[in-house]
Every structure is written in C-alpha cells, then in structure tokens.
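Peer 1:
There are 2 protein chains.
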Amino acid sequence: MFPLFWIAPAGSLLALLFACYLSWTTRRFDEGTEVMRQIAQAIREGARAYLKRQYRIVVIIFAVIFVLLLILSYNRLLPTFVPFTFLTGGFFSALSGFIGMTQATNSSARTANAARTSLNSALRVAFGAGGVMGFVVVGLSLLDLSVWFFVLNWYYGGLPVNERLLAVTQTLICYGVGASFQALFARVGGGIFTKAADVGADLVGKVEANIPEDDPRNPATIADNVGDNVGDVAGMGADLYESYVGSIVATMALAFSAGLGMTGVLLPLLLAVIGVLSSIIGTFLVYTKEDATQVALLAALRRGVWGAGIFVAVISGLIIYYLLPDNFGIFWAILAGLGAGVFIGYTAEFFTSDHYKPTRGIAQAAKTGPATVILEGLSVGMISVVPSVLAVVAAVLAAYYLSGGGSHPELGLFGVAISAVAMLSTLGITLATDAYGPVADNAGGNAEMAKLPAEVRKRTDALDSLGNTTAATGKGFAIGSAALTALALIAAYRDQILQFGYKLDLSLMNPAVMIGLFLGAMMPFAFCSQTIRAVSRTAGKVVIEVRRQFKSIKGLMEGKAKPDYARVVTICTASAQKEMIIPSFMAIIAPILVGVLLGPSAVVGLLAGALVSGFAVALKMANAGGAWDNAKKYIEKGALGGKGSAEHKAAVVGDTVGDPFKDTAGPSLNILIKLMSTSSITLAGFVLRMTLFK
Amino acid sequence: MFPLFWIAPAGSLLALLFACYLSWTTRRFDEGTEVMRQIAQAIREGARAYLKRQYRIVVIIFAVIFVLLLILSYNRLLPTFVPFTFLTGGFFSALSGFIGMTQATNSSARTANAARTSLNSALRVAFGAGGVMGFVVVGLSLLDLSVWFFVLNWYYGGLPVNERLLAVTQTLICYGVGASFQALFARVGGGIFTKAADVGADLVGKVEANIPEDDPRNPATIADNVGDNVGDVAGMGADLYESYVGSIVATMALAFSAGLGMTGVLLPLLLAVIGVLSSIIGTFLVYTKEDATQVALLAALRRGVWGAGIFVAVISGLIIYYLLPDNFGIFWAILAGLGAGVFIGYTAEFFTSDHYKPTRGIAQAAKTGPATVILEGLSVGMISVVPSVLAVVAAVLAAYYLSGGGSHPELGLFGVAISAVAMLSTLGITLATDAYGPVADNAGGNAEMAKLPAEVRKRTDALDSLGNTTAATGKGFAIGSAALTALALIAAYRDQILQFGYKLDLSLMNPAVMIGLFLGAMMPFAFCSQTIRAVSRTAGKVVIEVRRQFKSIKGLMEGKAKPDYARVVTICTASAQKEMIIPSFMAIIAPILVGVLLGPSAVVGLLAGALVSGFAVALKMANAGGAWDNAKKYIEKGALGGKGSAEHKAAVVGDTVGDPFKDTAGPSLNILIKLMSTSSITLAGFVLRMTLFK
C-alpha cells in the first residue's frame with residue numbers, strides 16, 4: 051500500500067470519534083418535563099416509522115438494481131465490483147441520514163429545555179446535534195472510500211501501478227451512483243413529506259383557523275415536526291454524503307488522466323482529511339458570552355466556519371508545495387473553490403436575509419396582496435442566479451487555467467474537480483451550522499406544544515431564524531459544489547467512452563449534442579414539476595384531513611380533545627413514498643434512453659444541458675424560497691402590520707409556495723444533476739452496446 | 051436579376067392588398083352609440099400616446115446605435131449597408147405594430163356593436179381586424195426584404211455570382227438586428243404596460259373593491275384596454291415581424307454554404323410567398339352559420355389554419371420537386387417544421403384549455419387557497435415544456451437528417467432553418483386568429499363600459515375565450531419557430547467567425563464553451579427577473595393611484611363621478627419606458643462582453659445556453675400563464691362556487707401571477723434568444739478585433 055493512503059482511514063476515525071464526543075456532550079442535557087418528553091417521543095416515533103417505510107422500499111429497489119448490475123458485470127459491461135460499491139454507497143448514505151436524524155430527534159426537547167435557562171446553552175445543544183451529523187457524514191464517507199480503496203487495490207494488486215490506478219478509480223467513480231440514488235430518494239421522499247405536512251398545516255392552521263404555528267390543536271403539527279427531521283435532516287445528510295463522496299471520487303478518477311499519479315489520486319482524500327482537522331478546530335472557535343445577541347451568535351458561527359476555511363487553505367498550500375511542487379497551480383484551484391463557496395454562501399444570505407433589500411422588497415409587495423408577493427419573490431429568485439453563476443464561472447476559469455489547463459487540458463479538469471473538493475472540505479462544520487436549524491425549529495415546536503413560557507419560544511425563534519441564514523449558506527455550498535463536481539463527472543464520462551474505443555463529436559454543431567442540450571435543459575423542469583405537484587397534492591390531502599378532524603372531533607378547537615396526529619403522519623408517509631419513485635427514476639432512465647437512441651455525444655449534451663439549466667433553477671428555487679420565508683418572518687416580527695394583518699396573510703402565501711421550492715424541488719436538483727452523470731458513467735458500457743447510433 | 055426573385059415583391063404586394071381589402075370590410079361596420087365611440091376614442095388616444103412616446107425613445111436609441119454602426123462600417127468591421135438595414139428593420143417592425151394597433155383600436159367598438167346583432171358578425175369584424183395585422187406583417191417583411199435584396203444585388207453586381215451571394219446574405223443576416231431590437235422594446239415596453247395596468251386593475255377592482263372587470267368606475271380600466279392594444283397587438287406585431295424576417299434571412303444565409311446556389315437562397319422567399327397565397331385561401335375557409343356554437347367557431351378557425359398548412363405542404367412539395375430535384379429531402383424538413391408547429395400549438399391548447407385535466411387541476415387546487423393554485427400552475431407550466439421540447443427535437447432531427455445533414459452538415463443546417471420558415475409560412479392566417487383576441491377583449495371592455503345588455507357581453511366573452519385558445523396556439527408557433535431560427539442563427543454566427551479566419555473550438559470540453567453555456571442559461575432568468583419585477587412594481591403604483599382615486603373622488607363608487615383614467619395611463623407609460631431599457635440592452639451587451647473576455651467559442655456557448663434554457667422558460671411561462679387565466683375563467687363560468695367565491699379569489703391570484711408570465715416575460719424571451727444571435731453575428735468583426743482571448 052501507499053503510505054499516504056493510511057491518512058484517510060485515520061481521518062475517518064477522527065471524524066467519527068469527534069461525532070461521538072459531540073453526541074456525548076448533548077446527551078448530558080436533560081429532555082425537560084414529561085410533556086416535552088412525550089412530544090419528542092411522538093416526533094421520534096413518527097420519524098422512525100417514516101424512515102423504516104422509506105428504507106423498506108429503497109431496499110427493494112436496490113435489490114432489483116443490484117441484480118441487474120450483477121448481470122451487466124457478469125457480461126463484462128461493468129467493472130466487477132460496481133454492484134457491491136453500489137450497495138455500500140446506498141447503505142452508508144442511508145446510515146448518515148439515519149444517525150443524523152436520530153441525533154436531531156434526541157436533541158429538540160433538550161434544546162427547548164436548555165432554552166429555559168439561556169440562549170447560549172440552547173445554541174450549544176443544537177449546534178452539537180448538527181455537528182454530530184456533520185462529522186458522521188464526513189467520517190462515514192472517508193471510511194467507505196478507504197475500505198473500497200483498500201479492497202480494490204488488493205484485488206487489482208497483480209496489475210502494474212498505472213493500470214491498477216485506472217481500474218481502482220473506474221470502480222470508485224461508479225460508487226457515487228448508489229449514494230446518489232439513495233440520496234435522491236431521501237431528498238425527494240423526505241422533501242415531499244416535510245413540505246406537504248408544513249404546507250398543509252399552514253394552509254388550514256394559520257390561514258383558515260387562525261391558530262399559530264405548532265399549535266397542539268392542529269392535527270398536522272406533529273407531521274410538520276416529523277417532516278423537519280426526515281426531510282431537512284435525514285434527506286440533507288444523505289444528500290451531502292453523496293456530494294462529498296461524489297466530488298472526491300470524481301477528482302480521483304481525473305487525477306489519473308491528468309498524469310498526477312498516485313499522489314494526485316490520493317490528494318482529494320488528503321484534502322478531505324485536512325478539512326476534518328480544520329472543522330474540529332473550527333468547532334472549538336464557536337463560543338460566545340452568556341445571552342449574546344443574535345449578531346454575536348452569527349459572528350461566533352462565522353468564526354468557526356472561517357477559521358476552518360483559512361486553516362484548510364494554509365495547510366493545503368504547504369502540502370501541495372511539498373507533494374506536487376511542479377503543479378503548485380492546483381493550490382490556486384483549491385483557493386478558487388473555497389472562495390466561490392464563501393461567495394455563493396454570502397449571496398444566498400444577501401438574497402434571503404431580511405437585513406437586505408430583496409427580502410424587504412417582498413415584504414413590501416405584501417401591501418398589494420399575495421400575487422405581488424409571488425411575483426416579487428420569483429423576481430428575487432431569478433436575479434439571485436446571476437452572482438452565483440458568475441462565481442462558479444470565475445472559479446471554473448481560475449481552477450482550470452491556474453492549475454495548468456491552458457497547456458494540459460486534463461490537468462485543468464482535475465483543477466476544476468479539486469476545487470469542488472475544497473469547497474466541501476469543511477463540510478464537518480458547515481453541515482453542523484446547517485443541520486442545527488431543524489433542531490432549533492423542532493425545539494420551538496416542542497416549546498409551543500408544551501406551552502413553555504413565551505421567553506423560551508423567543509429564544510428558540512432566535513435560533514431558528516439564525517438557522518435560516520445558515521441553511522441558505524449551506525444550500526449555496528451544496529449547489530456550487532454540485533455544479534463543479536458535475537463538470538468533473540462529465541469529463542470522467544467522456545474518458546470512460548473514449549476508453550471503450552468509441553469516437554465522440556462534442557461540438558455544438560453536432561445536432562446530437564444540441565438535441566442533448568435541449569433535452570437536458572428540459573429535465574429540471576420535468577423533475578420539479580413532479581416534485582412540486584407531489585407536495586401540493588399531498589398538502590391538499592392533509593388539508594382535507596385536518597378540516598375533517600376540526601369538524602368531527604368535538605372540543606378540539608377548545609383544547610379539550612386531542613387531534614389524531616398519527617393519521618396525518620400516515621397520509622404524508624404514504625404519499626411521499628408513492629410520489630418519490632417516478633422523479634427518482636427519471637435521472638437514470640433519461641441518460642439510458644438518450645444514449646441508446648442518439649449515442650454518447652448526445653448524452654454529454656444531455657448532462658451539460660441538465661447541469662446549466664438545473665443549476666439556475668436550483669438557485670432560483672433555494673433563494674426565492676428562503677426570501678419568502680424570511681419576508682414572512684420579517685412581517686411577523688412586527689413590520690407592515692405584523693401577525694394577522696392582510697400583509698401577513700399575503701406573505702404566508704409566498705412562504706407556502708416557497709416551501710417546496712427550497713426544501714423539495716431545489717435541493718433535489720443537485721442530486722439529479724450528479725446522479726445523471728454517475729449513472730451515465732456506470733452504464734456507459736451497457737449503453738454503448740445497445741446504442742442505435744453507431 | 052434572377053427571374054425567380056420577382057415572386058417576392060409580387061407576394062408582398064398581394065399580402066398588402068389583401069390587408070387593405072380586409073381593412074375595408076371591417077370599416078364598413080358601425081362603431082355604435084355615442085358612448086361606445088367615446089370609449090373607443092379614449093383607448094385609441096391612450097394607445098397612440100403610448101406608442102408616440104415609445105417610438106420617441108426608440109428613435110433616439112436607434113440614432114445612437116446607427117452612428118456607432120456607421121463607425122464600425124467605416125472601419126470595415128461591418129458590411130457597408132448594415133447600418134441602413136438596421137434602420138429599415140426597426141422602422142418596418144415598428145410600422146407593423148403601429149398599423150396592427152390602429153386597426154385593432156378601430157375595430158373594438160365595431161366588434162361590440164356587431165355583437166349586438168350576432169356572434170357571427172362580431173367574429174367577422176374581429177377576425178378581419180386580426181387578419182389586417184397578419185397580412186401587413188407578412189407583406190411588409192417581404193417588401194423590405196425584396197427592396198434590400200434588389201439594392202444589394204445591384205450594389206455587388208460587379209462580383210461573380212458566388213461572391214455576390216455571400217455579400218448579399220451577409221448583409222441580410224444583420225438586418226434582423228434592427229427588427230429584433232425594436233421588437234424587443236415593443237414586447238417588453240408594451241408587455242410591462244399592459245400587464246401592469248391589468249394586474250393593477252384586477253388587484254384593486256376585483257380583489258379589493260369587488261367590482262367586475264372593465265367596470266367604468268375603475269380608474270385603471272382604460273389603461274387596461276389600452277394595454278391590450280400596445281402590448282398584445284403592437285408588441286406582438288413587431289415580434290412576429292421579427293420572427294418571420296429572422297427565419298427567412300437565416301435560411302438565406304445558410305443556403306450559400308449548403309451549396310444550393312441562388313435557388314436555395316430564394317427558396318425561403320418562395321416558401322413565404324406560397325404561405326401568403328395559402329393564408330389568403332385559408333381566410334376564405336373561415337365561414338360559419340349564424341349563431342354557431344363555440345365549438346363550431348373554433349372548428350371554422352381550424353379549417354382556415356389547417357387548409358392553409360396543407361396547401362403550403364402540397365405546393366412546396368411540387369416546387370422542390372421541380373427546382374431542387376437532387377435535394378428533395380428539404381421537403382421533409384418543411385413538413386417537419388409544419389408538423390412541429392401544429393403539435394406545439396395543440397400542446398399549448400391541451401395545457402391551457404379548461405376542457406382538459408391540467409387547467410381543471412389548477413381550478414381544483416383553488417379549494418385549498420391561492421398557494422396551491424400557484425404551485426399547481428407552476429407544475430403544469432413546467433411539465434408542459436416536455437412535449438414541446440420533444441417536438442422541436444424531433445423536428446430538428448428530421449429536418450437535419452432527411453435533408454441530407456448526415457453526409458453534408460451544412461445541408462442539414464439549411465434543413466433546420468427552412469423548417470422554421472415553414473412553421474411561420476402561414477403567419478398571415480395564424481396571426482389573424484391570434485391578433486383577433488385582443489380586439490375581442492377590448493370589445494368586451496367596450497360593451498361593459500357602455501353598459502350594453504348582458505347578452506352582448508356574453509357574445510364578446512365567448513369570442514374572448516376562443517381568443518385565449520388561439521393565442522396559446524400562436525405562442526406555440528412563435529416559440530417553436532424561434533428555437534429553430536436560433537439554431538440556424540448560431541450556425542450562421544459560426545460561419546461568420548470562420549470567414550474572419552478565426553479558429554473555433556466548439557467542444558463541450560472547451561471550458562470557454564461550458565462557461566458560455568452557464569452564462570447563457572442564466573440570461574433568461576436575469577431577463578425575466580427584470581421584466582416581472584417591472585410589472586409588479588408598476589402594478590403597485592397603479593394600485594396606489596386607484597386606491598387614492600377611490601378615496602379622494604367623491605361619488606366615484608356610486609357611479610356619479612368619473613375617475614381620472616388618463617393619470618393611470620401616464621403612470622403605466624412612464625414606467626414601461628423606463629423599465630424596458632435595461633432588459634433590452636442585456637441582449638446586446640452580453641454577447642459583446644462574453645466575446646471580448648472569453649472569445650467567440652464562448653459566445654457560441656452563450657447562445658446555445660440561452661436558447662435551451664430560454665426555450666424551456668418561455669414555454670413554462672406561456673403555458674402556466676394561459677392555464678391560470680383559463681382556470682379562473684372556468685371558475686367564473688360557475689365551477690367550484692363561481693364568481694365571488696373563495697375559490698375564485700384564489701384563482702384570481704393565479705391569473706394575476708400568470709399575466710406577466712404569458713404576456714411580458716415569456717414572449718419577450720423569443721426575441722431575446724434571437725436578438726442575442728443576430729447581434730453576435732452583426733458585431734462579430736468588432737468583437738474579434740477587441741477580444742482578449744486570442
């Protein structure tokens with residue numbers, strides 16, 4: 051083995067141990083009163099029940115695909131180990147989501163209870179819970195990669211180094227498919243569940259019955275809180291596991307053709323491990339005085355994230371200077387990735403925070419009713435695409451040319467790929483700041499339902515609102531890195547096709563490429579249509595059920611009888627499971643169809659079209675959704691007539707439209723883009739055999 | 051001269067004479083009562099005032115650009131005549147809009163008056179008015195093209211035929227810029243005006259004050275009716291003038307490199323003339339019994355459009371058989387274009403008519419409030435992209451390969467270009483069925499304001515609703531032909547660059563191309579954000595003004611005092627003029643910037659990215675907007691509680707959001723896509739001189 055390799059399992063161990071440590075620190079807090087415990091228990095059970103059902107379906111789907119892959123592998127249309135890497139990728143992605151969710155559901159009551167004492171200790175519990183998720187994702191990714199790297203390196207041990215590297219990286223790149231596929235189910239299914247419950251709860255509760263959010267009289271309120279966990283936590287965990295792994299394996303695969311040898315192949319792993327160390331250090335930079343202001347809290351989180359980023363930059367600079375002195379340009383690619391990530395994050399904050407003009411403009415538009423709220427929000431979402439695209443474009447240019455792409459294109463592509471790894475390297479801490487949001491949200495729900503004093507709810511609300519900002523930043527990282535990774539994956543697909551001895555004409559003047567672009571640009575629209583409709587339909591079912599309960603359960607509105615929470619959970623679960631299937635399969639079937647009917651050049655067009663259009667749509671949806679949410683919160687804080695005013699009602703319509711934008715359709719697009727690429731790569735051999743377009 | 055050429059001015063004359071005939075037949079009808087005359091006069095004056103102001107600004111902009119083009123031309127960075135073709139293109143595009151609008155404003159009172167007798171005579175007036183516009187657009191296009199072709203052919207007469215053709219077509223292709231640029235101003239400015247007035251009128255009138263549409267007490271009602279004329283008529287006329295001319299000149303330019311000689315260059319003109327004849331014949335097929343049902347009326351219109359299409363197919367088949375016997379495949383390209391146009395039109399009808407599931411689903415979603423109406427409508431809009439993209443993709447494949455692109459790529463590109471000409475060849479009649487909608491809409495307004503009996507309004511409503519269906523079909527044609535034309539223009543741009551002796555690398559693996567794609571895909575989002583915001587902001591101003599008048603003008607709500615209509619018209623005019631500048635210039639500045647900073651390969655990426663993403667966004671906006679509109683009308687007809695119910699209010703929100711989608715942002719995208727291409731072609735020499743990316 052290569053001595054440098056051992057640093058990856060070591061990094062994995064470190065991340066997992068740190069996750070245990072964080073989990074232990076949050077467990078020491080108390081869950082509070084009996085009522086609080088019961089509420090937490092109900093949410094825990096609902097979330098578990100949902101995941102159990104989801105995993106049952108996913109297991110069946112995985113089993114079928116596994117058999118199909120085995121057949122392909124037996125016919126030598128796939129590297130031998132791909133069916134197995136497919137399984138472990140899916141398994142670890144699911145495990146990341148499961149652990150993150152368990153930790154989150156164990157922490158919401160604790161956060162609410164801690165908020166009874168002080169804002170600061172509540173922050174510590176919630177941030178710790180988020181951190182568990184962050185480091186588990188990172189640790190499991192590195193573990194899985196290390197094990198496979200070890201196995202493959204041993205299996206292909208008889209080959210000379212170069213051929214061995216080729217065989218190893220070719221298997222690894224297919225490994226992303228399993229993780230992506232399970233992540234897509236998690237994001238889409240969880241996203242439909244959470245937003246259907248949320249939208250349904252709001253439509254009847256806030257708009258019709260005029261009761262506050264999380265009011266225990268609302269039968270959809272437990273489902274809403276369950277949704278935060280299955281969508282925003284389990285879904286996000288699986289999603290970012292896939293992003294993290296995907297960016298690393300794509301870079302490893304490109305290192306070989308870039309001529310960087312084993313050092314190049316191991317560099318992304320090394321960068322990830324530096325990121326783990328940096329994130330741990332960053333975590334300790336998140337401290338604050340008792341009862342700090344919200345600005346101070348945000349500054350504390352920022353100190354952690356920034357500290358980690360700077361640390362990564364410095365150490366990776368030193369390492370590249372020593373390991374790859376002839377290719378020091380790669381360091382500039384790393385800086386470009388880190389910089390673009392930070393910039394996209396800030397952009398997201400600018401467009402979605404009520405400190406700035408865009409969100410306030412949406413709130414102002416509420417004066418003329420819901421229609422102008424929608425138009426203004428869509429307008430904000432669409433213009434928010436511009437700075438992020440410019441940042442990615444600048445990062446690509448810088449990463450490509452500064453790492454030497456001008457004279458050696460393969461090196462340039464490696465530069466683009468490693469900039470994505472750099473952007474995600476501090477995932478441990480960025481995910482921590484991101485994942486603590488749903489915990490704070492649930493803590494607020496717990497406080498409301500347990501009828502804790504108003505000041506407790508005020509504290510959890512402060513945390514929740516902070517969480518909205520960090521969530522927007524986190525989504526920026528996820529989307530930005532997805533774009534860079536997808537570029538690397540498209541290049542990897544091309545390499546794969548060329549290795550099969552097939553000729554490609556990737557010119558835009560080739561009608562097959564142009565047609566691929568058209569079809570690819572269409573994909574995000576077809577996908578979002580399905581997922582958004584699923585949310586709105588399921589929400590409709592929830593509304594009808596809630597209305598039924600309001601009518602038929604006597605004494606419910608007076609608080610004398612309890613609603614049937616479980617029934618709403620069941621409705622959302624059943625619907626989410628049914629509706630997640632078609633959009634998820636689109637990502638795999640589209641490249642196969644295009645490849646068979648129009649050939650691999652059209653597939654490259656398809657992937658590029660889906661990337662550029664999906665990137666824009668995803669950004670629009672994430673930022674419009676976030677801005678609507680915060681415009682509503684801005685009014686709730688007292689602006690423009692405050693809660694209950696006509697302006698507030700108009701803003702709630704915007705928030706409701708934005709819910710599936712930002713938490714169902716938008717984030718799923720990241721996965722769609724990458725899954726299309728990885729499945730194209732994995733099935734390249736099969737498609738080339740079947741293609742009509744010789 | 052070439053004898054075949056004379057057919058183009060002859061066709062032009064025929065179209066213009068037929069327009070005069072149609073105009074004469076509508077003029078014979080009476081304008082009705084004194085009140086009806088006065089209302090029509092007010093709208094006429096408002097519309098004229100708007101256009102006057104718009105043209106004043108456009109003239110200044112054109113003058114500045116003309117001088118800049120003269121400088122470029124003097125420095126041999128442009129063909130000599132381009133500054134002048136730029137001027138005439140803009141002039142005739144504006145003239146088409148102006149004549150169409152004059153005719154429309156002269157016909158609304160006549161239609162309303164005719165509706166006092168029968169539905170059928172009202173249809174004849176309205177359809178005749180639409181026909182004037184259709185044949186004027188076609189006639190002026192052919193006239194302008196003929197004159198320039200004649201002048202250029204004479205000017206370059208000293209050159210051998212081949213070089214002469216090259217010089218002629220190179221000048222002609224730049225000619226589209228002037229038409230496109232003025233069309234973009236007309237569409238964006240008019241679109242902002244009409245939808246700001248419409249949205250503003252609805253927001254206060256229908257939603258707040260609970261008075262019906264077109265109620266004379268609403269101060270925004272005249273502006274709303276003026277808007278129908280300046281946006282939906284003048285804007286659409288300029289737009290389709292540009293589409294028609296653009297598709298013809300792009301095809302002419304490609305004929306040369308396809309090796310089809312003079313016959314190939316003249317073929318698109320010939321096809322257009324066949325279309326004129328067919329459209330005239332089709333017009334006479336539109337007859338119906340007195341007081342026919344709506345289904346029968348639609349069938350009558352269809353008979354006209356279909357008859358014209360079949361006639362074009364047969365005659366063009368014969369002509370290609372005789373003129374280009376070795377390239378009979380071009381006929382299949384023509385059929386592909388005609389077929390795709392019809393298919394996209396039907397798709398639009400399926401997604402936007404209340405006879406089918408999508409629109410009814412939106413109406414059903416109104417049960418759970420405005421948020422689900424919005425979500426369902428967006429979902430319908432996004433999925434509607436799929437069949438249209440598939441149709442265009444199929445047309446491109448068929449046109450390219452059946453006309454011989456497999457062995458001779460240039461011939462394939464010519465096939466794609468001529469399929470766009472075929473799609474637009476029957477513009478005379480398709481535009482007639484499209485443009486009669488706003489006339490019927492205004493007739494309804496006139497009937498309401500003049501307090502004519504309910505049965506008159508019922509008849510104009512029937513015409514209006516039919517107009518919605520034909521408008522959706524017309525938009526399908528406009529978008530589909532824009533996509534095909536843009537493909538041809540991209541190829542023409544490549545030719546232009548190659549003729550300058552510059553090398554292009556158009557592979558998707560060239561980072562410049564990929565970056566161009568990202569930037570191009572971003573453009574429609576930036577553009578729509580601006581135009582939608584302009585509508586929502588201006589509508590906000592209208593709302594505030596209307597509220598002010600309701601409060602300050604005593605006796606207004608009781609019908610005893612008159613509102614100040616002119617003030618609302620002035621507000622909309624001023625806003626539209628201000629807000630149209632930035633989005634319109636984006637289309638010219640983006641390709642220059644990209645070309646200078648990243649080189650011409652990136653420009654091709656930019657154009658392709660804008661095309662595939664803009665096509666999807668335009669379709670989504672057109673169909674979502676149409677579906678929302680008809681879902682509202684469906685409820686107004688009595689479904690789900692009818693007018694005044696909570697469901698109706700929710701549906702009105704959807705309609706209001708859809709207004710700028712379908713009549714401002716969506717249709718402007720067609721022009722954006724093509725203007726980016728034509729301006730890239732025109733400025734290619736300049737950009738190559740300036741580019742940093744050698």
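Those protein sequence lines, which keep their order, are chains A and B.
All residue numbers for the first sequence refer to the numbering used here, where the first residue is 51 and numbers rise by one.
All residue numbers for the second sequence refer to the numbering used here, where the first residue is 51 and numbers rise by one.
No residue lacks a Cβ here, since even glycine has one placed at the ideal position from N, Cα and C.
1) Could you tell me the distance, in whole angstroms, from the CA atom of residue 442 of chain A to the CA atom of residue 141 of chain A?
2) Roughly how many angstroms lie between the CA atoms of residue 642 of chain B and residue 472 of chain A, to the nearest whole one?
3) Select from the segment 394 to 428 of chain A all residues with a C-beta closer than 7 Å to any C-beta belonging to chain B, and list them in chain order.
4) So, helix, strand or coil for residue 62 of chain A, using DSSP?
5) Can you tell me whether residue 678 of chain B is buried or exposed? The criterion is at least 16 other CB atoms within 10 Å of its CB, across all chains shown.
6) Just checking: is the beta-carbon of residue 722 of chain A within a distance shorter than 8 Å of some beta-carbon in chain B?
7) In the structure shown, what three-state DSSP assignment does residue 403 of chain A receive?
8) So is residue 544 of chain B in contact with chain E if we call contact Cβ pairs under 8 Å?
9) Indicate whether the contact test is met: 3 or more Cβ pairs, each with one atom in the segment 225 to 236 of chain B and one in the segment 252 to 269 of chain B, closer than 8 Å.
10) Does any CB atom of chain A fall closer than 8 Å to the CB of residue 385 of chain B?
11) What do you reckon, are the CB atoms on residue 496 of chain B and residue 183 of chain B nearer than 8 Å?
12) DSSP beta-bridge partners for residue 557 of chain A?
13) Out of B/210, B/261, B/281 and B/217, which one is the CA nearest neighbour of residue 240 of chain B?
14) Is any beta-carbon of chain B found at less than 8 Å from that of residue 50 of chain A?
15) Taking the C-alpha atoms as reference points, what is the distance between residue 90 of chain A and residue 98 of chain A?
16) Take the Cβ of residue 372 of chain B as the centre, count every other Cβ of all protein chains shown within 10 Å, and call the residue buried at 16 or more, exposed below.
17) Any beta carbon of chain A sitting closer than 8 Å to that of residue 572 of chain B?
18) Residue 569 of chain A and residue 647 of chain A: beta carbons closer than 8 Å?
19) Give me the subset of the segment 549 to 567 of chain A whose CB atoms are less than 8 Å from a CB atom of chain B, sorted by chain position.
20) With a CB to CB cut of under 6 Å and the five nearest residues on each side skipped, what residues in its chain are close to residue 330 of chain A?
21) Tell me whether residue 455 of chain B sits in a helix, a strand or coil according to DSSP, three-state version.
22) Rounded to whole angstroms, what is the Cα-Cα separation between residue 538 of chain A and residue 446 of chain A?
23) Compare the beta carbon distance of residue 475 of chain A and residue 288 of chain A with 8 Å and say whether it is the shorter of the two.
24) Return the first residue and the last residue of the alpha helix (DSSP H) that residue 649 of chain A is part of.
25) Out of B/437, B/699 and B/591, point me to the one whose CA is closest to residue 683 of chain B's CA.
26) Are the segment 283 to 301 of chain B and the segment 517 to 537 of chain B touching by the rule of at least three beta carbon pairs closer than 8 Å?
27) Is there a Cβ from chain B that is less than 8 Å from the Cβ of residue 575 of chain A?
28) Counting only beta-carbon atoms, is residue 727 of chain A nearer than 8 Å to chain B?
29) Taking C-alpha atoms, which residue in B/318, B/572 and B/432 lies nearest to residue 723 of chain B?
30) For chain A, find out if any of its Cβ atoms is closer than 8 Å to the Cβ of residue 663 of chain B; answer yes or no.
31) Using the beta-carbon of each residue, which ones in chain B are nearer than 7 Å to residue 539 of chain A?
32) For residue 664 of chain A, count neighbouring Cβ atoms within 10 angstroms of its own Cβ and tell me buried if that reaches 16, exposed if not.
33) Alpha helix (DSSP H) containing residue 370 of chain B: first to last residue?
34) Give a yes or no on whether the minimum CB-CB distance between residue 684 of chain A and chain B is below 8 Å.
35) Verify the CB distance criterion: does residue 598 of chain B have a CB-CB separation below 8 Å to chain A?
36) In chain A, which residues lie with their C-beta within 7 Å of the C-beta of residue 53 of chain B?
Peer 2: According to the structure data:
1) The alpha-carbon atoms of residue 442 of chain A and residue 141 of chain A are separated by roughly 31 Å.
2) 33 Å
3) 415, 418, 419, 420, 421, 422, 424, 425, 426 and 428
4) helix
5) Label assigned to residue 678 of chain B: buried.
6) no
7) coil
8) Protein chains A and B are contained in the structure displayed, whereas chain E is not.
9) no
10) When Cβ-Cβ separations below 8 Å define contact, residue 385 of chain B makes no contact with chain A.
11) no
12) Beta-bridge pairing links residue 557 of chain A to B/557.
13) B/281
14) There is no way to answer for residue 50 of chain A, as the model of chain A reaches only from 51 to 744.
15) Distance between residue 90 of chain A and residue 98 of chain A, taken at the CA atoms: about 12 Å.
16) Exposed, by the Cβ-count rule.
17) yes
18) no
19) Among the residues of the segment 549 to 567 of chain A, those with a Cβ less than 8 Å away from any Cβ of chain B are 556, 557, 558, 559, 561, 563, 564, 565 and 567, in the order of the chain.
20) 68
21) coil
22) 11 Å
23) No. Outside cutoff.
24) Per DSSP, residue 649 of chain A belongs to no alpha helix (DSSP H) and is neither H nor E.
25) B/699
26) yes
27) yes
28) no
29) B/572
30) yes
31) By Cβ distance, chain B contributes nothing, its closest Cβ being about 13 Å from residue 539 of chain A, past 7 Å.
32) buried
33) Note, residue 370 of chain B: alpha helix (DSSP H), 344 to 373.
34) no
35) No, residue 598 of chain B does not count as interfacial toward chain A.
36) Near residue 53 of chain B there are no residues of chain A at all, since even the closest Cβ is about 35 Å away, more than 7 Å.
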